[in-house]
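One structure below.
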Amino acid sequence: RFAAASYRSALYGLGFDPGVIRSLPPNTVEAYTFGVSGTGQPRGLTAAGPPHAVCEFDFRQWKTSTADWRAAFAAAVAKRVRGQRAFIGLSSDSDSNALQLMLHRLHLAPCDVLSLEDQQMVERRYSLAPGPPGGEAGVILLNEEQVVAERHWVNKYVEPFQYRAQELRGNGVLRDPASLGLSTICRWAKRLARSRGNVVTAVQPKPPVFLSATGAGEIMGAYGLNGTALSEHSSARGLWPDDLGEVFPWLSFFLGALRDHLAKEEHVCGAHGLEVRYPFLDRRVVQEFLWLRADAKHGEYKRPLLD
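Read in the UniProt record's numbering, the sequence shown has 249 at position 249, and its numbers run on one by one without any break.
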């Protein structure tokens with residue numbers, strides 16, 4: 001038997017033993033074919049050829065300006081929100097703020113901006129870049145009873161995933177406080193969407209998509225600056241050699257904390273029936289960063305965002 005699924009629980013439901021289930025390596029395509037006996041019956045599964053990459057990245061570092069990166073990022077955001085209401089989780093970091101600013105500049109679709117952080121900060125940033133008409137901004141304040149209820153929901157409905165990054169081992173999606181916050185934001189985004197439904201015809205709008213800022217720190221900074229680790233997740237430490245092949249792929253480029261963060265967002269948002277989209281992980285956005293000369297990458301943490 002052969003089966004492939006996004007979630008392990010689907011394979012468990014088909015009766016597969018956990019010991020025979022494996023994760024496909026990132027950026028990898030594997031092809032298989034079923035052999036056929038003389039009577040036309042399936043005779044087993046064999047590889048149709050060696051695995052190959054989904055995307056081959058170019059390691060040349062030759063660009064001195066981040067202008068092409070900014071253009072690629074604008075296109076990546078536009079592709080993911082055109083004709084589709086979205087929502088973001090706003091925090092004090094530059095990643096989510098870059099998303100909000102780009103949505104404001106593109107003016108393509110309404111976007112709800114939700115946060116669990118300081119209300120004045122959210123209101124101030126939303127007033128500077130409010131986005132297209134129809135979006136809302138809000139700070140979610142939970143009392144202790146609501147926190148307990150949200151944690152119970154996460155433990156009951158979100159599929160477990162054990163983190164594998166060295167600095168996160170012993171933790172997992174269900175024990176990560178960020179999962180609780182993300183689940184809360186998803187719940188409020190769905191509530192806002194339902195409130196915009198047509199009461200007369202009972203027609204409900206399409207669920208919004210979550211626009212994630214994951215990938216900015218892992219790709220553009222590797223959680224470091226000029227050789228200094230800025231986080232326990234740091235691998236390359238933001239120190240870019242003249243030959244990028246010496247460090248590519250750094251741990252958080254495909255695996256490490258990036259894999260764990262993606263699992264958290266896919267598992268939590270998926271439990272709410274919501275799709276996640278990742279403009280910072282668009283292949284052109286990633287390639288434009290790789291093409292920047294080493295000296296253009298250095299100096300500022302996540303340099304393209306500051307430009």
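Quick reminder that beta carbons are idealized off the backbone N, C-alpha and C, glycines included. The structure displayed is predicted, hence computed values, not measured ones.
Rank the options by C-alpha distance to the C-alpha of residue i and give the top, closest one.
i: Leu258; options: Glu288, Ala216, Gln100, Ala71; result: Ala216
i: Met220; options: Glu265, Ala294, His152, Arg187; result: Ala294
i: Leu244; options: Trp62, Pro304, Arg194; result: Trp62
i: Pro160; options: Arg277, Gly270, Gly49; result: Gly270
i: Pro25; options: Phe254, Leu128, Ala76; result: Phe254
i: Lys79; options: Met102, Thr214, Gly44; result: Met102
i: Leu192; options: Pro177, Val36, Cys111; result: Cys111
i: Arg8; options: Val158, Asp176, Leu305, Tyr301; result: Val158
i: Ala31; options: Pro50, Ala10, Gln41, Ser23; result: Pro50
i: Pro177; options: Glu150, Arg196, Arg194; result: Glu150
i: Leu305; options: Glu123, Ser23, Ala74; result: Ala74
For my contact list, residue i and residue j are in at a C-beta cut-off of 8 Å; report their separation, rounded to the angstrom.
i: Leu116; j: Thr184; result: 7 Å
i: Phe289; j: Trp69; result: 6 Å
i: Leu99; j: Ile88; result: 5 Å
i: Ser252; j: Glu218; result: 4 Å
i: Leu182; j: Val268; result: 5 Å
i: Leu211; j: Val81; result: 7 Å
i: Asp282; j: Ala76; result: 4 Å
Could you check whether residue j and residue i sit closer than 8 Å to each other, using their CB atoms as the reference points?
i: Val113; j: Gly135; result: yes
i: Pro208; j: Ala189; result: yes
i: Ala165; j: Gly256; result: yes
i: Val139; j: Gln119; result: yes
i: Asp307; j: Thr66; result: yes
i: Asn143; j: Leu174; result: no
i: Arg284; j: Ala72; result: yes
i: His272; j: Arg187; result: yes
i: Asp58; j: Trp291; result: yes
i: Ala296; j: Thr64; result: yes
Report buried or exposed for residue i, applying the criterion of at least 16 other Cβ atoms within 10 angstroms of its Cβ.
i: Ile21; result: exposed
i: Gly15; result: exposed
i: Tyr126; result: buried
i: Glu265; result: buried
i: Cys55; result: exposed
i: Arg60; result: exposed
i: Thr39; result: exposed
i: His152; result: exposed
i: His52; result: exposed
i: Ser234; result: Only weak support is given to the placement of Ser234: the predicted model assigns it a pLDDT of 49, under 50, and the value that follows is read from those uncertain coordinates. Buried.
i: Pro18; result: exposed
i: residue 309; result: The first residue shown for the chain is 1 and the last is 307, placing residue 309 beyond what the model contains.
i: Tyr163; result: buried
i: Ser179; result: buried
i: Phe2; result: exposed
i: Arg303; result: buried
i: Ser6; result: exposed
i: Thr214; result: buried
i: Ser96; result: buried
i: Ala48; result: exposed
i: Leu141; result: exposed
i: Pro279; result: buried
i: Val286; result: buried
i: Asp93; result: exposed
i: Val36; result: exposed
i: Leu90; result: buried
i: Val29; result: exposed
i: Leu45; result: exposed
i: Gly13; result: exposed
Counting contacts by CB-CB distance shorter than 8 Å, is residue i in contact with chain D?
i: Ser91; result: Absence of chain D from the displayed structure is noted, only one protein chain being present.
Check your understanding: What residue ranges within the UniProt domain "Asparagine synthetase" (258-297) form continuous alpha helix (DSSP H) runs of no fewer than 4 residues, ordered along the chain?
Key -> 283-291, 294-297
**Study point:** Whole runs of the alpha helix (DSSP H) within the region 72-137, excluding any shorter than 4 residues
**Key:** 94-106, 119-128
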